[in-house]
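As they're listed, the protein sequences go chains A and B.
Counting from 1, one number per residue, gives the positions in the first sequence under our numbering.
Counting from 174, one number per residue, gives the positions in the second sequence under our numbering.
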Amino acid sequence: MSLFFFYLFAAILIFASLVVVLARNPLYNVLALVVAIFSLSCLFVLLEAFFVGIVLLLVYAGAVLVFFLFVVMCLNLNAIALDQAQQTRFRLLGSMMGLMFAASFGLAAKSFIKAQTMEASNIRGTIEIIGKILFTDYLLPFELTSLLLLIAIFGIVSLAQGALSTGKDTENS
Amino acid sequence: MITLGNYLALSGIIFSIGLVGVMVSRNVLKVLLSLELLLAASNLSFVAFSKFNGDYAGQLIVFFVILVAAAEVAIGLAIIVVMYRRLSTIQADELRTMKW
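This is the structure in structure tokens:
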């Protein structure tokens, strides 16, 4: 049963990531990434990493991708992106390098014999356990991330202010 | 029976797709979206290793990766908005001020 779900979500994940890379409309790229993140979160639940799965869903699908969607719609990029006839460069070279990387990753995963025989442990990443570890062993990194987010906020505010003050004379709206 | 190799192979496929997206796209927004795919692929292998090794550290690293990625996306999108206001385009080729 879990094997069926693994292949189902893996297929959805691969298809959605192909759409992210190949679709021409930026709106479809963003929405396909929402689908990809959702199926990735399902795979995390399959691996019994419940906390990380739900955080991924909340932070990525809930906040980050809505932010992407907001920027796409706010800047009205559809018309601009579709106007550009040639949207990609080095298409052949890039695809060949991607295939090469995929083959090497596949070979690496296949030659890693231990990976085929390793038994799944019975750890369950519930909120209780992860929270306990997060607030004991990993307390310092956890607090430092808050500092990182604060710095990110400062950066965004200063970027937006700079854009407002310099964009006023060039932009009518 | 799902082995660790299955998860690693899936992670490698997703990583390759994201890598092609980063190399091929001219649209800066699309490059940022493909970067998210790269992070998602590495997150998947972290969680798979965590499950098969019986160690919670992998899941905690994924938690931190998600936090840092959120900050990275916010900054990246702010830069894209500024770029669009200045150049009224989001094609990466238009950023050539520092080209010789």
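All C-beta atoms, glycine included, are put in the ideal place defined by N, C-alpha and C.
Just so it is clear, the structure is predicted and the values come from calculations on it, not from any experiment.
- For the set VAL72/A, SER104/A and ILE12/A, the Cα lying nearest the Cα of ILE263/B is the one of VAL72/A.
- Using beta-carbon distances, THR117/A counts as an interface residue toward chain B, with a partner under 9 angstroms.
- Neighbours of ALA61/A across chain B, judged by C-beta separation under 9 angstroms, do not exist; the nearest C-beta is about 11 angstroms away.
- Contiguous beta strand (DSSP E) elements confined to the segment 1-75 of chain A do not occur, taking only those with 3 or more residues.
- With the rule of 3 Cβ pairs closer than 8 angstroms, the segment 141-149 of chain A does not count as touching the segment 248-264 of chain B.
- In chain order, VAL238 and ALA242 place their CB closer than 7 angstroms to the CB of LEU212/B, counting only its own chain and leaving out the 5 sequence neighbours on each side.
- Per the C-alpha coordinates, the member of TYR180/B, VAL204/B and SER207/B positioned closest to PHE222/B is TYR180/B.
- Nearest Cα to PHE225/B within the set ILE127/A, ILE123/A and ILE151/A: ILE123/A.
- Think of a sphere of 8 angstroms around the beta carbon of LEU210/B: the chain A residues whose beta carbon falls inside it are SER17, VAL20, VAL21, LEU33 and ALA36, in chain order.
- Residues of the segment 118-135 of chain A with a Cβ closer than 9 angstroms to any Cβ of chain B, in chain order: MET118, GLU119, ALA120, SER121, ASN122, ILE123, GLY125, ILE129, ILE130, ILE133 and LEU134.
- Listed in chain order, the positions of the segment 174-193 of chain B with a beta carbon within less than 9 angstroms of a beta carbon of chain A are MET174, ILE175, THR176, LEU177, GLY178, ASN179, TYR180, LEU181, ALA182, LEU183, SER184, GLY185, ILE186, ILE187, PHE188, SER189, ILE190, GLY191, LEU192 and VAL193.
- With fewer than 16 other Cβ atoms from the protein chains shown falling within 10 Å of its own Cβ, GLY227/B counts as exposed.
- Taking a contact as a CB-CB distance under 8 angstroms, the pair LEU58/A and VAL30/A does not count as one, their CB atoms being some 17 angstroms apart.
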